[in-house]
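Accompanying notes for the structure given below.
Chains as they are written, first to last, in the working numbering: chain A, 1411 to 1797; chain B, -4 to 278.
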């Protein structure tokens, strides 16, 4: 682990976006966009860190990056992924998350609002942007938008374990789910029953009185022994995020998969059945029944194939290739990339990417090497990976 | 001034600070260095637990001296659906709790968390020590006398050597706390959890555990150690206890942003209790 400071001050900022639409009843708690700022005492560069798929701006991964960046002298602003329900409701202009360019535009607009409203004592000398997983791709696209609009004058962008093609990556997670958990309507129920029995037997055999964090940690260690079991945990986590995104998209796009567009659920209504239906639906169904219908209507001339192509990092390929201020970190065993995509990243970024041998997807965030390389990249000290 | 009035004042004051479009709040700072150490520790614990598991399930059986229970099978797992006949009321209460937490409870506990941690753990230990009395009663009622004796021992040691409960000396004598309550006693007696219940200010519970909570409070009130529960200080004490409890729970309403949070919390809470019940029958 990289060395870390012992105290990182934290401000929580809740801010309403002027363009926000009326908040649907069931999302009453997501009216404001919530972000977190750790400010230095004096003038300093600002590092904006974007969260991964479906996650808010205060995950444990962000906490690690915040510590490292604050320790290196940055003001640190951590923000949710544009696919996080809180972002979809408070700051998305579409309500239908997953389009790399549109989501990044919304994020760029939100960042301008946030930075304009920061306390005056926070003196910013320069702005860099980074992100992990999908947030990495968002970070690079945000920088490319800024290169044209110039509202924030973002200097450098660092992508940590980014996808190359959004839909190919989530397709892999769908497949992982199908292989490790199953495809039937009762696949989750079967997994749940297995986990329940396992936990109950472990608890019975232990001499603990209550189920607490340390018990769950031990239980996780016994449940997650093989790569397959880790895979199913990753696939399940992704599916649970998708359920929220699917619901929000269906509500906003009025596509009627689970939400009746004319009678959306009220805050007092049970959503158990809706949730049960959604947790059996893969991303491909979100794409076919919510995302594509919505965007095809918005963009005359678009096709499903063009929508998929538009959510590839290729859309900013030229900038990634020619502009020396884009950087990336990846792992050769990252399950969201295939060989061809990793090669594309290497060819496009050249010496501005470092690929570690191990780390999987996000497994090495916070490790000494990852952190020091990231800081070198952000500061413009990076001279290519040691051979 | 009555604490209830104070609470209202704080709520109004906070409401006044929050403008329509933006609010900025200081929240407890992070300590990545310590978190790093904790993460390394938990990774080690994880590895140790995994190694133990790798030794085989036989080790578990060997430790067990009691008559073997048939293992719980996936078929024994309760359905994923929840028994929640009071759902409308519960959802209302959940929402109320979320708002109350956001405007009063959480801001106050965030201020509380700025107090140096030795003082806070003193407060925490003090209340924990008082509740040992309830644990002694309930372990006795559950006929788990060894654990009851442990709680009694903890209470005696901490009340004396631990300066009235401020220091958890007993934990250093290898007597770590293991609180129990009337909800668990009812479970031991075979009472099922019953419907899910969201208790105002308190949060997720079940009908059985709700009665358990009343019984726990009732017995502490009846015994009234040091006139702390019925005397003039009881309001302050109750408030401090509540804030201390809140500051030690790492939960933020709607931090998941999910429209299914009510369902998710209910699911996890009820499963946790059911597993504890199932475990209780084997102990």
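Every residue gets a Cβ at the ideal spot worked out from N, C-alpha and C, and that includes glycine.
**Request:** Could you name each continuous beta strand (DSSP E) segment of 3 residues or more that falls completely within the region 1456 to 1507 of chain A, going from the start of the chain to the end?
**Result:** As far as the region 1456 to 1507 of chain A is concerned, its whole beta strand (DSSP E) runs of at least 3 residues are 1485 to 1489.
**Request:** Go through its chain and collect everything with a Cβ distance to residue 1426 (chain A)'s Cβ below 8 angstroms, but skip five positions before and after it.
**Result:** Excluding sequence neighbours, residue 1426 (chain A) sits near 1441, 1442, 1443, 1500.
**Asked** Under the three-state reduction of DSSP, which class applies to residue 26 (chain B): helix, strand or coil?
**Response** Reduced to three states, the DSSP call for residue 26 (chain B) is coil.
**Request:** Check residue 272 (chain B) in the structure and name its three-state DSSP category.
**Result:** Secondary structure at residue 272 (chain B): helix, using DSSP grouped into helix, strand and coil.
**Prompt:** Residues in the region 238 to 268 of chain B with C-beta within 7 angstroms of chain A's C-beta atoms, listed in sequence order?
**Reply:** Residues passing the 7 angstroms Cβ filter: 249, 250, 252, 253, 254, 255, 258, 266, 267.
**Message:** List, in chain order, every chain B residue whose beta-carbon is nearer than 8 angstroms to that of residue 1505 (chain A).
**Reply:** Taking a Cβ-Cβ threshold of 8 angstroms, none of the residues of chain B is close to residue 1505 (chain A); the smallest such distance is about 13 angstroms.
**Asked** For residue 1526 (chain A), does the count of other Cβ atoms within 10 angstroms reach 16, so buried, or fall short, so exposed?
**Response** In this structure residue 1526 (chain A) is exposed. Its beta-carbon is surrounded by fewer than 16 other beta-carbon atoms within 10 angstroms.
**Asked** Since residue 1495 (chain A) contacts residue 254 (chain B) with CB under 8 angstroms, what's their CB separation in whole angstroms?
**Response** Distance from residue 1495 (chain A) to residue 254 (chain B) at the Cβ level is roughly 7 angstroms; contact confirmed, criterion being Cβ atoms closer than 8 angstroms.
**Message:** Spatial neighbours of residue 268 (chain B) within its chain, please: C-beta separation below 6 angstroms, excluding the five flanking residues on both sides.
**Reply:** For residue 268 (chain B), where only same-chain residues beyond five positions count, the Cβ hits under 6 angstroms are 188.
**Prompt:** So, using beta-carbon positions, are residue 1466 (chain A) and residue 1518 (chain A) closer together than 8 angstroms?
**Reply:** One thing to note: residue 1466 (chain A) has its Cβ no nearer than 8 angstroms to the Cβ of residue 1518 (chain A).
**Item:** Rounded C-alpha distance that separates residue 132 (chain B) from residue 193 (chain B)
**Value:** Rounded to whole angstroms, residue 132 (chain B) and residue 193 (chain B) show a C-alpha spacing of 26 angstroms.
**Request:** Ignore the nearest five residues each way along the sequence and tell me which others in residue 100 (chain B)'s own chain have a CB closer than 6 angstroms to its CB.
**Result:** Only 241 meet the Cβ criterion.
**Asked** What is the C-beta distance between residue 1549 (chain A) and residue 1560 (chain A), in whole angstroms, given that I count them as a contact (C-beta under 8 angstroms)?
**Response** Not really, about 17 angstroms apart at Cβ, beyond 8 angstroms.
**Item:** Span of the alpha helix (DSSP H), counted from its first residue to its last, around residue 239 (chain B)
**Value:** From DSSP, the alpha helix (DSSP H) with residue 239 (chain B) extends over 229 to 242.
**Residue span of the alpha helix (DSSP H) that contains residue 1754 (chain A), given as start and end** = First-last of the alpha helix (DSSP H) with residue 1754 (chain A): 1749 to 1759.
**Prompt:** Should residue 21 (chain B) and residue 1421 (chain A) be called a contact, given that it needs their Cβ atoms to be closer than 8 angstroms?
**Reply:** Yes, these two residues count as a Cβ contact at 8 angstroms.
**Message:** Using only the alpha-carbon positions, how far apart do residue 1594 (chain A) and residue 74 (chain B) sit?
**Reply:** The alpha-carbon atoms of residue 1594 (chain A) and residue 74 (chain B) are separated by roughly 17 angstroms.
**Item:** Cβ-based neighbour list, residue 127 (chain B), same chain, cut-off 7 angstroms, excluding 5 preceding and 5 following
**Value:** In the same chain as residue 127 (chain B), and ignoring 5 residues on each side of it, the C-beta atoms closer than 7 angstroms to its own belong to 146, 149, 150, in chain order.
**Request:** Taking the CB atoms as reference points, tell me whether residue 1653 (chain A) and residue 1689 (chain A) lie closer together than 8 angstroms.
**Result:** Using a Cβ distance threshold of 8 angstroms, residue 1653 (chain A) and residue 1689 (chain A) count as a contacting pair.
**Request:** Helix, strand or coil for residue 1569 (chain A), going by three-state DSSP, please let me know.
**Result:** Strand at residue 1569 (chain A).
**Prompt:** Can you tell me whether residue 1428 (chain A) is buried or exposed, with buried defined as 16 or more other CB within 10 angstroms of its CB?
**Reply:** Exposed.
**Item:** Below-8 angstroms beta-carbon distance, residue 1653 (chain A) vs any chain B residue
**Value:** Yes, residue 1653 (chain A) lies at the interface with chain B (some Cβ there is under 8 angstroms from its Cβ).
**Request:** Find out if the Cβ-Cβ distance for the pair residue 1704 (chain A), residue 1663 (chain A) is shorter than 8 angstroms.
**Result:** Yes.
**Asked** Cβ of residue 64 (chain B) less than 8 angstroms from any chain A Cβ?
**Response** At a cut-off of 8 angstroms between beta carbons, residue 64 (chain B) contacts chain A.
**Asked** Just the Cα atoms here: how many angstroms apart are residue 1447 (chain A) and residue 1463 (chain A)?
**Response** Distance between the alpha carbons of residue 1447 (chain A) and residue 1463 (chain A): 20 angstroms.
**Message:** Can you tell me whether residue 96 (chain B) is helix, strand or coil according to DSSP?
**Reply:** Three-state result, residue 96 (chain B): helix.
**Prompt:** residue 1587 (chain A) CB to nearest chain B CB: under 8 angstroms?
**Reply:** Residue 1587 (chain A) has a beta carbon lying at 8 angstroms or more from every beta carbon in chain B.
**Per DSSP, cross-strand counterpart(s) of residue 1798 (chain A)** = Because chain A is modelled from 1411 through 1797, residue 1798 (chain A) falls outside the range shown and cannot be assessed.
**Of the listed residues A:1680, A:1796, A:1790, A:1775, nearest to residue 1478 (chain A) (C-alpha basis)** = Nearest in C-alpha terms to residue 1478 (chain A), of all of A:1680, A:1796, A:1790, A:1775, is A:1775.
**Prompt:** Where does residue 110 (chain B) fall in DSSP's three states?
**Reply:** In this structure, residue 110 (chain B) counts as coil in the three-state DSSP scheme.
**Same chain, Cβ closer than 8 angstroms to residue 1726 (chain A), neighbours up to 5 away in sequence not counted** = Cβ contact annotation for residue 1726 (chain A) (same chain, cutoff 8 angstroms, sequence separation greater than five): 1550, 1551, 1554, in chain order.
**Request:** In the DSSP assignment, find the unbroken alpha helix (DSSP H) run with residue 1631 (chain A) in it and report its ends.
**Result:** Unbroken alpha helix (DSSP H) run through residue 1631 (chain A): 1623 to 1633.
**Message:** For a test of the three-state rule: what should DSSP assign to residue 1709 (chain A), helix, strand or coil?
**Reply:** Residue 1709 (chain A): coil per DSSP, three-state reduction.
**Message:** By alpha-carbon positions, which one of A:1721, A:1667, A:1598, A:1492 ends up nearest to residue 281 (chain B)?
**Reply:** Any property of residue 281 (chain B) remains undetermined from this structure, which presents chain B solely from -4 to 278.
**Asked** Taking the alpha-carbon positions, what's the residue 1455 (chain A) to residue 1563 (chain A) distance?
**Response** Annotation: residue 1455 (chain A) to residue 1563 (chain A) spans about 12 angstroms, alpha carbon to alpha carbon.
**Asked** Where does residue 1673 (chain A) land, buried or exposed, given buried means 16+ other C-beta within 10 angstroms?
**Response** When all chains shown are included, residue 1673 (chain A) counts as exposed.
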